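First to last, the protein sequences are chains A and B.
If you're matching positions, the first sequence starts at 1 in our numbering and goes up one per residue.
If you're matching positions, the second sequence starts at 144 in our numbering and goes up one per residue.
Yeah, the Cβ is synthetic: ideal placement off N, Cα and C, and Gly gets one too.
Remember, predicted model here, so these are calculated numbers, not experimental data.
Working notes, beginning with the structure itself.
2 protein chains.
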Amino acid sequence: MGNENFVFERYLISKGLKLTKPRKIILNTVFATHEHFNVDGLYDKIRKKHKDVSRATIYRTIPLLVESSLIKQSLRCLAKDHYEHTYGHSRHLHLICEKCGKIIEVESKEAESILNKLAKKHDFKIREFNIGAKGICNKCQKK
Amino acid sequence: MGNENFVFERYLISKGLKLTKPRKIILNTVFATHEHFNVDGLYDKIRKKHKDVSRATIYRTIPLLVESSLIKQSLRCLAKDHYEHTYGHSRHLHLICEKCGKIIEVESKEAESILNKLAKKHDFKIREFNIGAKGICNKCQKK
DNA sequence: ACTATTTTGAGACTCATTCTCAATTTTATC
DNA sequence: GATAAAATTGAGAATGAGTCTCAAAATAGT
Numbered sequence: 001m002g003n004e005n006f007v008f009e010r011y012l013i014s015k016g017l018k019l020t021k022p023r024k025i026i027l028n029t030v031f032a033t034h035e036h037f038n039v040d041g042l043y044d045k046i047r048k049k050h051k052d053v054s055r056a057t058i059y060r061t062i063p064l065l066v067e068s069s070l071i072k073q074s075l076r077c078l079a080k081d082h083y084e085h086t087y088g089h090s091r092h093l094h095l096i097c098e099k100c101g102k103i104i105e106v107e108s109k110e111a112e113s114i115l116n117k118l119a120k121k122h123d124f125k126i127r128e129f130n131i132g133a134k135g136i137c138n139k140c141q142k143k
Numbered sequence: 144m145g146n147e148n149f150v151f152e153r154y155l156i157s158k159g160l161k162l163t164k165p166r167k168i169i170l171n172t173v174f175a176t177h178e179h180f181n182v183d184g185l186y187d188k189i190r191k192k193h194k195d196v197s198r199a200t201i202y203r204t205i206p207l208l209v210e211s212s213l214i215k216q217s218l219r220c221l222a223k224d225h226y227e228h229t230y231g232h233s234r235h236l237h238l239i240c241e242k243c244g245k246i247i248e249v250e251s252k253e254a255e256s257i258l259n260k261l262a263k264k265h266d267f268k269i270r271e272f273n274i275g276a277k278g279i280c281n282k283c284q285k286k
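This is the structure we're talking about:
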């Protein structure tokens, strides 16, 4: 286990909030793997071990994880909201295959620096990048 | 009026579909202005003149406009689905202000060519770019 | 332990979008 | 231009992700 717990607790304390059991369970399940996730998948995973954590609490906890910079929204072009770790992960963009759903992660520094340059021209302060593309992966092209 | 009508009709014919009155009204209202739009706004606009076009038909027609490459989805990071013209418009990306909602359009060729390069490495065939950022515009920064 | 405050689970609610189906419109054929 | 088969439509019901409400449970300070 990394020290996401520490980061999260510090954030909660700073806001006068408490690191309760459900919040711990959610945090640890989120950081148990490194994949993108959505609420449904997370709920199923949590429910296997903890029958007493509700969807509502998951929906309530996710904004706290986002606010504490542990995770961020990603894969914006999919129907459901998806999230991924920020903490301990380098920046990347996604190529999403529309046939098989495969997600290819690609280093994104170069693309971000161009966006930064363009934003600077307009005096725009970027908080969140949204860079990626949808299309067909190499395997699906061959079918 | 451009020749979106022509493009749309050709697409419909190729699919064995018909350019009906509601479809014409929707097409023409979509292309009456050059702004981004969502279904609600489009519905209100259409309803001012045509009380007999239903939401359902709008929802059914939009995928046809997308399929015929006249419009495309955009502003993916907003709650509602938004669309913008493809036909007759150059490629650009969006900087969206999180305070005032202002949308700045910026030429995107450079960013796209980098994405193309990265996609090529992975043998990935891009169909739709999704490039942009959220943040604070210059006016809102001064407040 | 006692009280005030926060948090929780369950289910009701919202709202954009999709679906259903009977009624209407369209096109091809006469 | 009337007729019939096929496509399309409008209205409203259904769906489903996400949010809200509220009484009950957990928490922290005294």
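- Between N281 of chain B and D81 of chain A, the C-beta spacing is not below 7 Å.
- For the C-beta of G244 of chain B, not a single chain A residue is nearer than 7 Å; the gap to the nearest is close to 13 Å.
- Residues of the region 99-132 of chain A whose Cβ lies closer than 7 Å to any Cβ of chain B, in chain order: I104, V106, E110, A111, I114, L115, L118, A119, H122, D123, F124, K125, I126, R127, E128, F129, N130, I131, G132.
- Annotation: the continuous alpha helix (DSSP H) that includes E112 of chain A extends over 109-121.
- For E4 of chain A, there is no enclosing beta strand (DSSP E); the residue is found in the alpha helix (DSSP H) stretching over 4-14.
- Here N148 of chain B has L170 as same chain residues with Cβ atoms under 7 Å from its own Cβ, once five neighbours each way along the sequence are excluded.
- Nearest in C-alpha terms to L78 of chain A, of all of A:D44, A:H92, A:E98, A:V7, is A:E98.
- Of the candidates B:R234, B:A254, B:A276, B:A276 places its Cα closest to the Cα of G244 of chain B.
- Residues N273 of the same chain have their beta carbon placed closer than 7 Å to that of R219 of chain B, with the five preceding and five following residues left out of the count.
- Excluding five sequence positions before and after S108 of chain A, the CB atoms of its chain that fall closer than 7 Å to its own CB belong to R91, H92, L93, I131, given in chain order.
- In the DSSP annotation of this structure, the continuous segment of the beta strand (DSSP E) that includes G135 of chain A starts and ends at 125-136.
- Setting aside the 5 residues that flank it on each side, I247 of chain B is surrounded in the same chain by L238, each with a C-beta closer than 6 Å to its C-beta; the list follows chain order.
- In the DSSP annotation of this structure, the continuous segment of the beta strand (DSSP E) that includes Y83 of chain A starts and ends at 82-85.
- Interface criterion met: the Cβ of I279 of chain B is under 7 Å from a Cβ in chain A.
- Going by C-alpha positions, V173 of chain B is about 9 Å away from I214 of chain B.
- Around H36 of chain A, the same chain offers S74, L75, H82, Y83, E84, I103 as residues with beta carbons nearer than 8 Å, after the five sequence neighbours per side are excluded.
- Taking a beta-carbon distance threshold of 7 Å, L238 of chain B counts as an interface residue toward chain A.
- The beta carbon of R234 of chain B does not come within 7 Å of any beta carbon belonging to chain A, so the residue lies off that interface.
- The beta carbon of R55 of chain A sits no closer than 7 Å to any beta carbon of chain B.
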